[in-house]
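Residue numbers (the numbering used here): 204 to 339.
Listed below in structure tokens is the structure:
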């Protein structure tokens, strides 16, 4: 495609708002929030199933082992922190982590793939609404 046609098509798309950067920024923020919410649900399930004394550090270690990513310590402290607890009061459940990761990795990976598929479906639906002018 030559430069003239590219600029013309970009101009038309920009007039409809489809290439407006705020859509990408909003989508990125929503995707990140959904991913973090998903990760917290997984941690809650594991904490309940294994009766864990979950801490923010343990949560991040589990997320790294299960998914290869972590999330903000602030969010994990909000979810699992206990008022007045200090770093010297370590969780007694650290020896369970490798076993839990090994057992829960297949389940958590399937759940992550389902979550990603749902995000993709939501994004495609939102994109269609933007193109139709019903969202934006």
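Just so it is clear, CB atoms sit at the ideal spot from N, CA and C, and this is done for glycine as well.
Three-state secondary structure (DSSP) of residue i
i, result
"residue 191", "Because the chain spans 204 through 339 in this model, residue 191 falls outside it and cannot be assessed."
"residue 285", "coil"
"residue 206", "Low confidence applies here, because residue 206 scores a pLDDT of 47, under 50, leaving its location unreliable and the question unanswered by this model."
"residue 255", "coil"
"residue 295", "coil"
"residue 311", "helix"
"residue 241", "helix"
8 Å Cβ cutoff met for residue i and residue j
i, j, result
"residue 234", "residue 333", "no"
"residue 314", "residue 283", "no"
"residue 146", "residue 304", "Only positions 204 to 339 of the chain appear in this structure, which leaves residue 146 out of reach."
"residue 242", "residue 280", "no"
"residue 256", "residue 294", "yes"
When the options are compared against residue i, the one with the closest alpha-carbon
i, options, result
"residue 298", "287, 264 and 313", "264"
"residue 296", "271, 320, 251 and 277", "251"
"residue 366", "240, 309 and 328", "The question about residue 366 has no answer here: the residues shown for the chain are numbered 204 through 339."
"residue 249", "328, 324, 337 and 302", "302"
"residue 238", "317, 331, 308 and 227", "317"
CB-CB length for residue i against residue j, believed under 8 Å
i, j, result
"residue 269", "residue 311", "5 Å"
Beta carbon proximity, residue i to chain D, threshold 8 Å
i, result
"residue 324", "Of the chains in the structure shown, none is chain D; there is only one protein chain."
Distance cut-off 7 Å: residue i Cβ against heavy atoms of the ligand ZN
i, result
"residue 283", "With respect to small molecules bound, the structure shown includes none, and the ligand ZN cannot be examined in it."
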